[in-house]
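Down below is the structure, laid out as structure tokens.
Residue numbers (my numbering): 574 to 890.
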């Protein structure tokens, strides 16, 4: 019997054309699902017939309740080697294998800098004004000589720091595990948490979401920031206390925010981030690049082929 394979979370309807899925024809049938996440009952009805489900990282949540509603499911394949939306213990207990993929490491840092540049120079406002027949709406900001604060100096944070150095910025960093010696190795100055928020002209978040990092950028931390400072988050929405950030932006306690990630995704229709004039928001496109998707989907195919042959690759559980 042909294996039923679902590629879900394909919100842009692009997955079928990024790679050649026909290599799986001898194994089974591939179906592409474009719907947004729903309640578990709806998801169980939508996905119940599939033995293999390919998911995009942290779009649809597979908790223990949902996994128990999918008795046919044998293999979950996720983009990336980490997915906080998957209950790994429940999957293992139910005998569901979970495999991952490598990630293209340049997509998120490049998007981070696109947001920093666009927000600093008011590019969206200026471009929209030009389309409306207007000309030069105000003064853009500058980056050279300013201070870039990096919250989380991992692989992505390091690349963002390097870009800042090229722009002539002073780069400082802090995280709970960062040491002065580690920061010095990449030419960055180590500071404590309060100093990071107080000194940064641009504060960019690059932590992994965990119980320890959830809500780390809270009202107190936002209160430390300069009124001229920009907060940038391309990591995960819940790292920032969203209610506190909205209040800070509404009261102009900070100059603005450039955000690619949110507490709830897709962002609700009436959310303040859609209307605040000191927010530049994009729909979680930090990893949505052709090269990254090519890597994700080509390795998902390899994962499925390995599982079918009894030799799973990039196994996460």
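Backbone N, C-alpha and C fix where the C-beta goes; we use that ideal spot for every residue, glycine too.
Nothing here was measured: the structure is a model prediction, and the numbers come from that model.
ask   = Going by other Cβ atoms of all chains shown within 10 Å of its Cβ, with 16 needed for buried, is residue 850 buried or exposed?
value = One-based indexing of the chain shown puts residue 850 at position 277. By the 10 Å Cβ count, residue 850 comes out exposed.
task = Look at residue 657 and residue 722 and say whether their C-beta atoms are less than 8 Å apart.
result = Sequence index remark: in the chain shown, residue 657 carries index 84 (1-based). Sequence index remark: in the chain shown, residue 722 carries index 149 (1-based). Not in contact: residue 657 and residue 722 (Cβ atoms no closer than 8 Å).
request  = In the DSSP assignment, find the beta strand (DSSP E) that holds residue 720 and state where it starts and stops.
outcome  = Along the chain shown, read from residue 1 onward, the residue named residue 720 stands at position 147. 720 to 724 is the extent of the beta strand (DSSP E) around residue 720.
query = For residue 578, which residues from the same chain have a beta carbon less than 6 Å from its beta carbon, with the 5 sequence-adjacent residues on both sides left out?
reply = Here residue 578 is taken as the residue at index 5 of the chain shown, counted from 1. Only 601, 603, 625 meet the Cβ criterion.
key: Boundaries (first-last residue) of the alpha helix (DSSP H) holding residue 879   = To locate residue 879, count along the chain shown from 1; it is residue 306. Per DSSP, residue 879 belongs to the alpha helix (DSSP H) from 863 to 881.
message = Please determine whether the Cβ atom of residue 743 lies at a distance below 7 Å from any heavy atom of the ligand MG.
response = Absent from the structure shown: the ligand MG. Ligands present: none.
task = Starting from the N-terminal side, write out each stretch of the beta strand (DSSP E) that is 3 residues or longer and does not extend beyond the region 713 to 798.
result = 720 to 724, 743 to 747, 775 to 778
task = Report yes if the C-beta distance between residue 682 and residue 736 is below 8 Å; otherwise report no.
result = Indexing the chain shown from 1 puts residue 682 at position 109. Indexing the chain shown from 1 puts residue 736 at position 163. Yes.
task = State the DSSP-derived secondary structure class of residue 829, mapped to helix, strand or coil.
result = If you number the chain shown from 1, residue 829 lands on position 256. Strand.
task = Could you tell me how far apart the beta carbons of residue 870 and residue 591 are, in whole angstroms, since I believe they sit closer than 8 Å?
result = For the purposes of this step, residue 870 is taken as the residue at position 297 of the chain shown. For the purposes of this step, residue 591 is taken as the residue at position 18 of the chain shown. At roughly 5 Å, the Cβ-Cβ gap stays under 8 Å, so residue 870 and residue 591 are in contact.
inquiry  = Which runs of the beta strand (DSSP E) at least 3 residues long sit entirely within the region 605 to 648? Give them in chain order.
reply    = 625 to 628
query = If you follow the beta strand (DSSP E) that residue 670 is part of, which residue opens it and which one closes it?
reply = Position 97 of the chain shown, counting from 1, holds the residue named residue 670. Residue 670 -> beta strand (DSSP E) spans 670 to 672.
task = Just grab the DSSP bridge partners of residue 579 for me.
result = For the purposes of this step, residue 579 is taken as residue 6 along the chain shown, with counting starting at 1. In DSSP, residue 579 forms a bridge with 604, 626.
Nearest-angstrom Cα separation, counted from residue 599 out to residue 784 = One-based indexing of the chain shown puts residue 784 at position 211. One-based indexing of the chain shown puts residue 599 at position 26. Roughly 43 Å between the two C-alpha positions.
key: DSSP-derived helix/strand/coil call for residue 855   = Along the chain shown, read from residue 1 onward, the residue named residue 855 stands at position 282. Three-state result, residue 855: coil.
query = Which term fits residue 757, buried or exposed, when burial requires 16 or more other beta carbons within 10 angstroms of its beta carbon?
reply = Taking the first residue of the chain shown as 1, we reach residue 757 at position 184. With fewer than 16 other Cβ atoms within 10 Å, it is exposed.
ask   = If you check the beta carbons only, do residue 821 and residue 812 fall under 8 Å apart?
value = The count along the chain shown starts at 1 and reaches residue 821 at position 248. The count along the chain shown starts at 1 and reaches residue 812 at position 239. Result no, Cβ atoms of residue 821 and residue 812 do not sit closer than 8 Å.
ask   = Expressed to the nearest angstrom, what Euclidean distance is found between the alpha-carbon atoms of residue 617 and residue 639?
value = Within the chain shown, numbered from 1, the residue matching residue 617 stands at position 44. Within the chain shown, numbered from 1, the residue matching residue 639 stands at position 66. Cα to Cα, residue 617 sits roughly 7 Å from residue 639.
Residue 645 and residue 621 closer than 8 Å at C-beta = Counting from one through the chain shown, the residue named residue 645 turns up at place 72. Counting from one through the chain shown, the residue named residue 621 turns up at place 48. Yes, these two residues count as a Cβ contact at 8 Å.
task = Classify residue 654 as buried or exposed, calling it buried when 16 or more other Cβ atoms lie within 10 Å of its own Cβ.
result = On the chain shown, position 81 is the one that residue 654 refers to. Per the 10 Å Cβ criterion, exposed.
query = Is there contact here, the region 739 to 755 with the region 826 to 843, by at least three beta-carbon pairs under 8 Å?
reply = no
Nearest candidate by alpha-carbon position, reference residue 810, set 858, 770, 802 = As a working mapping, residue 810 is identified with position 237 in the chain shown. Measuring from the Cα of residue 810, the nearest candidate turns out to be 858.
message = Can you find the residues in the same chain that come closer than 8 Å, C-beta to C-beta, to residue 863, ignoring five residues on each side of it along the sequence?
response = As a working note, residue 863 is residue 290 in the chain shown. Result list for residue 863: 591, in chain order.
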